[in-house]
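In what follows, a structure is listed as structure tokens, so that the remarks can point back to it.
2 protein chains.
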Amino acid sequence: MSSARLIYLPLGGAGEIGMNAYVYGYGPQDQERYILVDIGVTFPDMDGSPGVDLILPDMSWLIERRDRLDAIFITHAHEDHIGAVARFPELLEDTPVYARAFTAHLARLKVEEAGLDPKIVRTVSAWPETVTAGPFTVGFVPISHSIPESAGMVIDSPEGRVVHSGDFKIDRTPVVGEPFDEEVWREIAKPGVRALMCDSTNVFSRKEGRSEAELPGEIEALFSDAKGMVVATTFASNVARLKTLAEAADRAGRSICLLGRAMRRMIEAAVATGVLHGFPKVISPEDALSVPRENLMLLVTGSQGERRAASAQLARGKFNGITMKEGDMFLFSSKTIPGNERGVIRIMNQFSEMGVDVVDESAGFYHVSGHANRPDLKTMHDLVDPQMVVPMHGEHRHLREHVKLAGEGRRKGIVAVNGMMIDLSGNEPTVAEYIETGRTYLDGSIQIGALDGIVRDRIRMALNGHVTVTLILDERDEPLGEPWCESMGLAEVGRSRVSLVEILEADLGQFLGRASEKTLADDDKLEQELKRIVRKVSQDEIGKKPEVTIITSRLA
Amino acid sequence: MSSARLIYLPLGGAGEIGMNAYVYGYGPQDQERYILVDIGVTFPDMDGSPGVDLILPDMSWLIERRDRLDAIFITHAHEDHIGAVARFPELLEDTPVYARAFTAHLARLKVEEAGLDPKIVRTVSAWPETVTAGPFTVGFVPISHSIPESAGMVIDSPEGRVVHSGDFKIDRTPVVGEPFDEEVWREIAKPGVRALMCDSTNVFSRKEGRSEAELPGEIEALFSDAKGMVVATTFASNVARLKTLAEAADRAGRSICLLGRAMRRMIEAAVATGVLHGFPKVISPEDALSVPRENLMLLVTGSQGERRAASAQLARGKFNGITMKEGDMFLFSSKTIPGNERGVIRIMNQFSEMGVDVVDESAGFYHVSGHANRPDLKTMHDLVDPQMVVPMHGEHRHLREHVKLAGEGRRKGIVAVNGMMIDLSGNEPTVAEYIETGRTYLDGSIQIGALDGIVRDRIRMALNGHVTVTLILDERDEPLGEPWCESMGLAEVGRSRVSLVEILEADLGQFLGRASEKTLADDDKLEQELKRIVRKVSQDEIGKKPEVTIITSRLA
Chain A
1 MSSARLIYLP LGGAGEIGMN AYVYGYGPQD QERYILVDIG VTFPDMDGSP GVDLILPDMS
61 WLIERRDRLD AIFITHAHED HIGAVARFPE LLEDTPVYAR AFTAHLARLK VEEAGLDPKI
121 VRTVSAWPET VTAGPFTVGF VPISHSIPES AGMVIDSPEG RVVHSGDFKI DRTPVVGEPF
181 DEEVWREIAK PGVRALMCDS TNVFSRKEGR SEAELPGEIE ALFSDAKGMV VATTFASNVA
241 RLKTLAEAAD RAGRSICLLG RAMRRMIEAA VATGVLHGFP KVISPEDALS VPRENLMLLV
301 TGSQGERRAA SAQLARGKFN GITMKEGDMF LFSSKTIPGN ERGVIRIMNQ FSEMGVDVVD
361 ESAGFYHVSG HANRPDLKTM HDLVDPQMVV PMHGEHRHLR EHVKLAGEGR RKGIVAVNGM
421 MIDLSGNEPT VAEYIETGRT YLDGSIQIGA LDGIVRDRIR MALNGHVTVT LILDERDEPL
481 GEPWCESMGL AEVGRSRVSL VEILEADLGQ FLGRASEKTL ADDDKLEQEL KRIVRKVSQD
541 EIGKKPEVTI ITSRLA
Chain B
557 MSSARLIYLP LGGAGEIGMN AYVYGYGPQD QERYILVDIG VTFPDMDGSP GVDLILPDMS
617 WLIERRDRLD AIFITHAHED HIGAVARFPE LLEDTPVYAR AFTAHLARLK VEEAGLDPKI
677 VRTVSAWPET VTAGPFTVGF VPISHSIPES AGMVIDSPEG RVVHSGDFKI DRTPVVGEPF
737 DEEVWREIAK PGVRALMCDS TNVFSRKEGR SEAELPGEIE ALFSDAKGMV VATTFASNVA
797 RLKTLAEAAD RAGRSICLLG RAMRRMIEAA VATGVLHGFP KVISPEDALS VPRENLMLLV
857 TGSQGERRAA SAQLARGKFN GITMKEGDMF LFSSKTIPGN ERGVIRIMNQ FSEMGVDVVD
917 ESAGFYHVSG HANRPDLKTM HDLVDPQMVV PMHGEHRHLR EHVKLAGEGR RKGIVAVNGM
977 MIDLSGNEPT VAEYIETGRT YLDGSIQIGA LDGIVRDRIR MALNGHVTVT LILDERDEPL
1037 GEPWCESMGL AEVGRSRVSL VEILEADLGQ FLGRASEKTL ADDDKLEQEL KRIVRKVSQD
1097 EIGKKPEVTI ITSRLA
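Residue numbers (this note's numbering), protein chains in the order written: chain A, 1 to 556; chain B, 557 to 1112.
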């Protein structure tokens, strides 16, 4: 098999932050056997994907080759790594999903909710245990991050060893889970590592990262000063942070109540899988109602300002019967992801109107990042000591900067974005092929392509409004009465101080009165002309060119 | 006139950042004479105001009372203070607009563009010159900010002196314009100040603000290291920053070229009004094409990622014939306003793909804020030494925090948001009345109300898609053929793997076949039923409930 090659192909997560999905392959060209590491989602926004429920990587390339897919590995249970695990049933037909216990627990819930068999998800213990999948032997190495049981993957192939960092930070005192263990990584590096695929999220953060263990003191001081109820939010999956917050509250003599489905689900998963011990006793929302507010702390979902989560609902008035009021405190123990600022700021102001004091992480006291900063990335490069570094999980600017960092250590790197198949078999990474990749939208209950125009039409209606024109033509292609117009999302009255719809109807009627038989008989031509007139008249009257639907009914 | 009172009424800018518009009044209740300080705009976004061109304060309260409006004063030429100056012609019929020379120059351009007489804008020199407007005597006190000739207003009334800070920072070495002058403010404070209306934007920034003069060294070092073309962006109105950037480039032996209409307009205004001296020679974009890139610096518009501005166009490929390439540098010498992150990040990644090095202000070397930080606000309180502090220009959380800060200095304060008319005549600020305020949208060429449902309908179409149903009924109210459906922004095929539109038409046809004569004769009832069916069937098929337009044509 001298023609066999080892390839790496990001289908998501490279050139963006979110929806991680990385293929590794080994074998002769076009006969490679594959494994997939992570299968995540990313979240829609009003700017680019209004009305969309979830954004998934386009997996069609892999689905076409699913007979050669030997296993799926999930590094950790963040939605951008696990979120799409049950969204592509075709991939799961003959392919097991491997993860550590906590991650596997959550993966099974997703698989079950999708009506699939949870047995396809298999729990793997930490390195040195390994799983064999086709030509690969794969192990899960515990690594610190902002969720329990995150793992870096050691992927051995006939072409040598690859390390896939997963999302990670260097935290030697992580509160929950295993501390970062240099010794293990040194051992893994010993036989020689061909390539390190490495998290790039924080490559622009120039200071060394901080440990979770730096927070409890600050948070305890904050809580002990608080006079009213204390409410804190963070990512539900940040179990260590939840523990830190709950313990600080407990020491301040407060009862703890979890609000929001995701919050309870995560704590349950962490307890069930044994990663969380000694979490203070939790009371139900009903019981919380009878606890004096100065003796209560709520841990709530919605750190990113999500409109339906507990924090947004508390900010609007009430959640599970609980209301906030003057003298209470609300703590954002989380970073605001770019793009979510408006939602978070809205909540801050709503609380301000109630007289609630809002504390955020801007001072750096109440949050630490889950990703390795630039000096920590350097440490990881040095520990794993790979021949080449392929940055992953980052926007283009992060990947590019990370390649520069690798270069500072005289390691070969390459900026590989989604769809770039990289051949790792040689002395340096090279582009083997360009694969068509993209995004799939879960829109309501249907998966649609990001580029098939459906969402583009919605964006256009949002920007331009919509006009419907109905026209009835009789058996001889003569208009029966006047055309009818209806508008949605447009000013009713424009420059002429007359109803826009009436002006449109009059102008379209005039056009039809003058139109040739040929035009009237030709649906396409007629539609084109009517649209042109609607847009022109609307532009004159209200300064907008609406989207137009023309409905021509011909009486047979 | 013992019943006369001095009132303050924010119509915009209090409880939000943007669209500043503050009314002051003096006289017996409901006979007060008014002045307006600032008349700004705010910018729309896809989340809340898709397709809208500009957001203006709802000025109807003041328009109804325009016979009692004696003058409009503009503190400075930022769009959120001056932007709506020509948008309410009713206000300008008998009312002069006063501003300092640079601001007046730009106000006249706006007034002229709107087809109004630029003579209504009158230039006022700096304090101690004053203008009399009804019962008020008003002076413009130079104060440092991020645009030339910013002013704080001294407003004298029979009830005493009020200071309206405008947007300001304490900068004793501002590069362009007058340094912050404590002595002037001490003089102004001497007769006693009843109230200070004070900028609140940076109340959460705990460190003292930094001076514009701290930047040139850092920027020069950055430029002197650059190998290729250098491009820098900041707000076009930040003339001091433009000068700093241009001088650094000039010293590095680079020719300077301004790209973007706003950039040229601002520099021209600053030169024409004498606020800018010694700006290095500028070359045209055509000439720039023949300058070696290592000898060129562009100053470009679009620091907030605006899609049509020069930086976004350079990031997409070309602007005025100029392209960027590997080895060039792009500097964001500006803060990203919350909500604009996505646009800015998009540009950063586009440049990264070209191999352009992007430098931003995150290290704090290449940007300083134009607003007073918390300690600087304290300094201003102490200098002006008012009886009461009324925070303005801030979201609710900023105003609330600023009242707390005033309380630390044992000064009375009040959180006054848009529409709260505050009586300043007593010993402490009290709410006199609540006025209905809001936002007006410039939508195309028409002003529409923010709450009149037009934009809400557009948002709904963006989230839910749209279906049009056309139905023809004959003279006896019997359906003529089947109903027709057209969808926009929806998946074409759903759960049943058949065209959604065909399923809708079949189900609507069935309903019509069974519908009673009474239902068929009743337009409202019919519409309601058809909509219900469209939503239900769509929900079943594709998991979305679209907006629906029903068009019923009855043949007479």
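Backbone N, C-alpha and C fix where the C-beta goes; we use that ideal spot for every residue, glycine too. This one's a predicted model, so the numbers in the text were calculated from it and none came from an experiment.
Cβ of residue i within 8 Å of any chain B Cβ
{"i": "Lys531(A)", "result": "no"}
{"i": "Ile55(A)", "result": "no"}
{"i": "Trp559(A)", "result": "The question about residue 559(A) has no answer, for chain A in this structure spans 1 to 556."}
{"i": "Ile414(A)", "result": "no"}
{"i": "Ala432(A)", "result": "no"}
{"i": "Ala491(A)", "result": "yes"}
Listed by chain order, chain B residues near residue i by CB distance under 9 Å
{"i": "Val359(A)", "result": "Those do not exist, as Val359(A) stays about 11 Å from chain B at its closest Cβ, beyond 9 Å."}
Cβ of residue i within 8 Å of any chain A Cβ
{"i": "Leu832(B)", "result": "no"}
{"i": "Glu764(B)", "result": "no"}
{"i": "His949(B)", "result": "no"}
{"i": "Thr614(B)", "result": "In the sequence on display, residue 614(B) carries Asp and not Thr. Taking Cβ atoms only, chain A never reaches closer than 8 Å to Asp614(B), which makes this a no."}
{"i": "Pro645(B)", "result": "no"}
{"i": "Lys837(B)", "result": "no"}
{"i": "Ser721(B)", "result": "no"}
{"i": "Asn905(B)", "result": "yes"}
{"i": "Glu1061(B)", "result": "no"}
{"i": "Glu964(B)", "result": "no"}
{"i": "Arg953(B)", "result": "yes"}
{"i": "Glu1103(B)", "result": "yes"}
Chain A residues whose Cβ lies nearer than 9 Å to that of residue i
{"i": "Arg1051(B)", "result": "Ser445 and Ile446"}
CA nearest to the CA of residue i, picked from the options
{"i": "Ala865(B)", "options": "Thr789(B), Ala1062(B), Thr631(B) and Glu1031(B)", "result": "Thr789(B)"}
{"i": "Val358(A)", "options": "Glu212(A), Gly339(A), Met19(A) and Gly327(A)", "result": "Gly327(A)"}
{"i": "Cys257(A)", "options": "Met229(A), Ala272(A) and Ala240(A)", "result": "Met229(A)"}
{"i": "Glu850(B)", "options": "Ala871(B), Lys783(B), Ile901(B) and Gly858(B)", "result": "Lys783(B)"}
{"i": "Asp145(A)", "options": "Val175(A), Thr132(A) and Gly160(A)", "result": "The amino acid occupying residue 145(A) in the given sequence is His; Asp does not appear at that position. Among Val175(A), Thr132(A) and Gly160(A), the Cα nearest to that of His145(A) belongs to Val175(A)."}
{"i": "Gly15(A)", "options": "Gly895(B), Ile1004(B), Lys934(B) and Glu909(B)", "result": "Glu909(B)"}
{"i": "Ile573(B)", "options": "Pro606(B), Pro613(B), Gly1000(B) and Asp712(B)", "result": "Pro613(B)"}
{"i": "Arg557(A)", "options": "Ile155(A), Ile170(A) and Ile219(A)", "result": "Residue 557(A) cannot be examined here, being either before or after the span of chain A that is shown, 1 to 556."}
{"i": "Leu861(B)", "options": "Asp806(B), Arg902(B) and Ser811(B)", "result": "According to the sequence shown, residue 861(B) is Gly rather than Leu. Of the listed residues, the one whose Cα sits closest to Gly861(B) is Arg902(B)."}
Residue i to residue j span [Cα, whole Å]
{"i": "Lys544(A)", "j": "Glu505(A)", "result": "17 Å"}
{"i": "Pro1039(B)", "j": "Pro483(A)", "result": "17 Å"}
{"i": "Thr519(A)", "j": "Thr470(A)", "result": "16 Å"}
{"i": "Ala450(A)", "j": "Gly994(B)", "result": "37 Å"}
{"i": "Ala560(B)", "j": "Ser362(A)", "result": "46 Å"}
{"i": "Gly569(B)", "j": "Cys754(B)", "result": "12 Å"}
{"i": "Ile1107(B)", "j": "Thr123(A)", "result": "57 Å"}
{"i": "Arg643(B)", "j": "Pro652(B)", "result": "15 Å"}
{"i": "Glu957(B)", "j": "Leu648(B)", "result": "36 Å"}
{"i": "Val403(A)", "j": "Glu208(A)", "result": "19 Å"}
{"i": "Ile542(A)", "j": "Ile775(B)", "result": "46 Å"}
Rounded Cβ spacing between residue i and residue j (contact assumed at less than 8 Å)
{"i": "Trp127(A)", "j": "Leu383(A)", "result": "Rounded, the Cβ-Cβ distance is 15 Å, inconsistent with contact."}
{"i": "Thr201(A)", "j": "His371(A)", "result": "4 Å"}
{"i": "His42(A)", "j": "Ile63(A)", "result": "Here the sequence assigns Thr to residue 42(A), which means His is not the residue at that position. Between Ile63(A) and Thr42(A) the Cβ distance is about 19 Å, and since that is not below 8 Å, they are no contact."}
{"i": "Leu298(A)", "j": "Leu222(A)", "result": "In fact, because the Cβ distance is near 15 Å, the residues do not count as touching under 8 Å."}
{"i": "Gly583(B)", "j": "Leu565(B)", "result": "Going by Cβ atoms, the distance from Gly583(B) to Leu565(B) rounds to 13 Å, so no, they are not a contact pair."}
Neighbour list for residue i in chain A, Cβ cutoff strictly below 8 Å
{"i": "Gly1018(B)", "result": "First, the residue type needs correcting, since residue 1018(B) is Ala and not Gly in the sequence shown. Within chain A, the residues near Ala1018(B) are Met46, Pro50, Gly51, Arg458, Ile459, Met461 and Ala462."}
Per-residue contacts from residue i into chain B (C-beta, under 8 Å)
{"i": "Gly364(A)", "result": "None at all; the shortest Cβ gap to chain B is about 12 Å."}
{"i": "Ile542(A)", "result": "Asp999, Gly1000, Ser1001 and Ile1002"}
Interface residues of chain B facing residue i [CB-CB closer than 7 Å]
{"i": "Ile551(A)", "result": "Thr1024, Thr1026, Trp1040 and Glu1042"}
{"i": "Gly339(A)", "result": "Glu897 and Arg898"}
{"i": "Arg400(A)", "result": "Ser908"}
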